[in-house]
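Heads up, the sequence shown is in numbering that gives the first Met the number 0, so the first residue is 0 and it goes up one at a time.
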Amino acid sequence: MKYFLFETGCKLNQSLMNRVAGEYELKMWERTDNVKDADVILMASCVVTKKAETDFLRVFNRFKRLYPQKRIEISGCFSGESGENVNFIDQERILQIENPSSFRTRPEVVIQTGCNNFCSYCIVPYKRGAERSRNVDDILFDVNKYISEGKKEVVLTGVHIGKYESNGMNLTSLIKAIKKSGIFRIRLSSLDINEISDELIEEISKDNITARFLHLSLQHTEDPVLKSMLRNTDKRKIFERIAVLKSIRGMRIGADIIYNFPTETGEIFEDLLISLKSLPITHFHLFAYSKREGTLAAYFSDSNGNRDYKLSKLKELATAKKQNYLESIIGKPDEIIIERIKEDLCYGKSSGYVNCKVKTNGEIKTGEIVKVIFESAEDSIMYCRKA
Numbered sequence: 000m001k002y003f004l005f006e007t008g009c010k011l012n013q014s015l016m017n018r019v020a021g022e023y024e025l026k027m028w029e030r031t032d033n034v035k036d037a038d039v040i041l042m043a044s045c046v047v048t049k050k051a052e053t054d055f056l057r058v059f060n061r062f063k064r065l066y067p068q069k070r071i072e073i074s075g076c077f078s079g080e081s082g083e084n085v086n087f088i089d090q091e092r093i094l095q096i097e098n099p100s101s102f103r104t105r106p107e108v109v110i111q112t113g114c115n116n117f118c119s120y121c122i123v124p125y126k127r128g129a130e131r132s133r134n135v136d137d138i139l140f141d142v143n144k145y146i147s148e149g150k151k152e153v154v155l156t157g158v159h160i161g162k163y164e165s166n167g168m169n170l171t172s173l174i175k176a177i178k179k180s181g182i183f184r185i186r187l188s189s190l191d192i193n194e195i196s197d198e199l200i201e202e203i204s205k206d207n208i209t210a211r212f213l214h215l216s217l218q219h220t221e222d223p224v225l226k227s228m229l230r231n232t233d234k235r236k237i238f239e240r241i242a243v244l245k246s247i248r249g250m251r252i253g254a255d256i257i258y259n260f261p262t263e264t265g266e267i268f269e270d271l272l273i274s275l276k277s278l279p280i281t282h283f284h285l286f287a288y289s290k291r292e293g294t295l296a297a298y299f300s301d302s303n304g305n306r307d308y309k310l311s312k313l314k315e316l317a318t319a320k321k322q323n324y325l326e327s328i329i330g331k332p333d334e335i336i337i338e339r340i341k342e343d344l345c346y347g348k349s350s351g352y353v354n355c356k357v358k359t360n361g362e363i364k365t366g367e368i369v370k371v372i373f374e375s376a377e378d379s380i381m382y383c384r385k386a
């Protein structure tokens, strides 16, 4: 028997569906990359934006039309009901699966799910439910399983990993516990600005085990928009916390940015550009505001301004800042974990989440940790040599 895996959306989605794949592997099912050969189709869904939902439904409906006899198993934020040959898998059941699987060099480990924030634009709390954290023993079980398989890095993922709390442990104490497992690198997925404590910063600074890249769920920088988004932060705090983050040696910062929100006037957008230019953020995920029925912002007036103009200006800024960052690390050392090899080139990511290439000469293997020196940047790729 064979299964086909279709993934989309966030790292949490991918991790949950990998767990489902692991359950099938326990039953001795084989993964196939050809959907025609599959007996079951596993799908990770995303409906955070209208485009993400449309893209998912297009593929889902295509599978139903072309393969009506195949069973489809769905996880994620899709809210469709189970029906004939279609089953929506509750995320709580997925988290009970005891055989997490991963096809990646950097497997994702779910530590938390759900959200209590109810930002005005976001559908996730309605789809994922209230915040809850996994037991630390279950998390360490996953980490140790990946280590036994030779994995060198894990990604801690969830909706709000900074709100992790279980058995008297928070995110900082969880990181301390995972470090004792002997893992080479811990990478954190998205963090809210309010979730970055001094305690967490101190723990990250202690050693190089926690990757020197943090991606912030920022969304905006200007107070009028932050207030209407119900983000529970302000511009002053954003600048202050990012300045502290940047004090960590080698730290690179990324951020999600939502543009064209209904309360974002042309003047506010220009202020956003000025703020982003001055902040030490060098990796951007840009999203046009997407109306989601059932959220508070769906009742706001239509978005302001020229969306295409805003996107072009943000892309221009993001490209320039990324290139400046890449040029700033030329000549510096790092360690990368090799993810794949093609011909005489190895590919991997640095601690700072930079895509790297290094010549193999036949002596480097997938999964190996390689010390490198950054030599040159081209098309967002860093070319390296072995140190």
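C-beta: ideal position from N, C-alpha, C; glycine also.
Exercise. Would DSSP call residue 171 helix, strand or coil?
Worked result: DSSP places residue 171 in helix when its eight states are reduced to three.
Could you pull the start and end residues of the beta strand (DSSP E) that residue 73 belongs to? 70-75
CA-CA distance, residue 264 and residue 210?
37 Å
Does the separation of the CB atoms of residue 106 and residue 150 fall below 8 Å?
-> yes
Three-state secondary structure (DSSP) of residue 229: Coil, per DSSP.
### Best match in 161, 335, 101 for proximity to residue 197 [C-alpha to C-alpha]
161
Count Cβ pairs between the segment 366-374 and the segment 124-144 that sit closer than 8 Å; are there 3 or more? no
Practice item. Report buried or exposed for residue 384, applying the criterion of at least 16 other Cβ atoms within 10 angstroms of its Cβ. Key: exposed
| task | Give every residue of the same chain whose Cβ lies closer than 6 Å to the Cβ of residue 216, excluding the five residues on either side of it in the sequence, and list them in chain order. | result | 189, 191, 255.
* To do: Leaving out five residues on either side along the sequence, give the residues of the same chain with a beta carbon under 7 Å from the beta carbon of residue 128.
  => 113
**Asked** Roughly how many angstroms separate the alpha carbons of residue 102 and residue 23, rounded to a whole number?
**Response** 14 Å
- Query: Does the beta-carbon of residue 271 have 16 or more other beta-carbons within 10 angstroms, so that it is buried, or is it exposed?
  - Reply: buried
**OP:** Could you name the residues of the same chain whose beta carbon sits closer than 7 Å to that of residue 93, not counting the 5 residues immediately before and after it, in chain order?
**Re:** 15, 18, 19, 74
Pull the bridge partners of residue 112 from the DSSP assignment, please.
131
DSSP three-state call for residue 342: helix, strand or coil?
coil
Residue of 348, 52, 226 minimising C-alpha distance to residue 261 = 226
Check your understanding: From residue 298 to residue 11, what does the alpha carbon distance come to, in whole angstroms?
Key -> Here the alpha carbons of residue 11 and residue 298 stand approximately 29 Å from one another.
Residue 323 in three-state terms, based on DSSP = helix
Note to self: Judging by CA-CA distance, which residue of 38, 35, 121 is the nearest neighbour of residue 76?
What the structure shows: Put simply, of 38, 35, 121 the residue whose alpha carbon is nearest the alpha carbon of residue 76 is 121.
Which residues mark the beginning and the end of the beta strand (DSSP E) in which residue 21 is found?
Taken as a continuous stretch (DSSP letters only), residue 21 belongs to no beta strand (DSSP E), being part of the alpha helix (DSSP H) at 10-25.
From residue 351 to residue 312, what distance separates their C-alpha atoms? 25 Å
Starting from residue 156, follow the beta strand (DSSP E) in both directions and report where the run begins and ends.
Where residue 156 is concerned, the enclosing beta strand (DSSP E) stretches over 152-156.
Going straight from the alpha carbon of residue 335 to that of residue 344, what length do you get? 13 Å
Quick check on DSSP: helix, strand or coil for residue 148? The three-state secondary structure of residue 148, taken from DSSP, is coil.
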